[in-house]
Structures are given as structure tokens and as C-alpha cells.
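Here's the structure we're looking at; comments come further down.
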Amino acid sequence: MNALRRPTYFILAALLEGPLHGYGIIKRVEDLADGELRLRAGTLYAALDRLADQGLVIADHEEVVSGRLRRYYRLTPEGGATLAAEATQLRQAADVVLCAGRPATVPAGTA
């Protein structure tokens, strides 16, 4: 599996707690990324279409609010597994980086 692009990772992560509509995803991504990632609507919907084609998200339901249609999206089991695998890879990469910054230890009595 190729690494997920940062926006894709955060879009999938935004859907972990349940279905969200587009604006809800945009706000959740911004919160998860501590304000360092802001998606535009066009970027989000293109990504959602791509993720749906890949079977990672699915349209869950729709509702009309103030005369406008809101479509809610949710993770598929495959989307959840893809997100979990990516999180594991990121965690392992972070461990390597953190370990590389530590001084080597010499067992007692061998120096």
C-alpha cells in the first residue's frame, strides 16, 4: 500500500467517529490537524469521489437543511483498515526517528 497523502489521511480520520457532511468533515480535519490543514470544498469533494471509487468511504445518507441538500459520508470497513494501517506505519516511522536521536547505550561493565 502506498502512503496516504496528508489530506486523505485526515479526511478518513475525520470519519472515524461516524458520518459527517462536507462542512463537518472540513471542520473536523482542521481540528484534527490543529489548524495546519484547511481543505477547500472542491478539494474535499474531489477527494471524497476518489475515496468512494476506491471503496474507502460511502455516502451514508442525505438530508435537506435550509433548502440545501447535505450528503453524509462514512468510512467503509476497508477505509477503516486503510486508516489503521497508515497510522501504524506513521507510528513506526516516528519510533525510528525518535530512537535515532537517542545516544547509543553501552551495557554496564563493557566500557
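For the sequence shown, our numbering begins at 746 and goes up steadily by one. A virtual CB, placed ideally from N, CA and C, is assigned to each residue, including glycine. Predicted model only: the values in this text are computed from it and were never measured.
- The three-state secondary structure of residue 782, taken from DSSP, is coil.
- Just so you know, the alpha carbons of residue 749 and residue 831 end up roughly 7 Å apart.
- For residue 795 and residue 803, the gap between their C-alpha atoms comes out near 11 Å.
- The segment 774–784 makes no contact with the segment 807–816: fewer than 3 CB pairs, one atom from each, lie closer than 8 Å.
- Judged by beta-carbon spacing, residue 771 lies within the 8 Å limit of residue 789, meaning their Cβ atoms are closer than that value.
- When the beta-carbon positions are compared, residue 756 and residue 792 come within less than 8 Å of each other.
- Per DSSP, reduced to three states, the secondary structure at residue 801 is coil, with no helix or strand assignment.
- Rounded to the nearest whole angstrom, the C-alpha separation of residue 820 and residue 754 is 12 Å.
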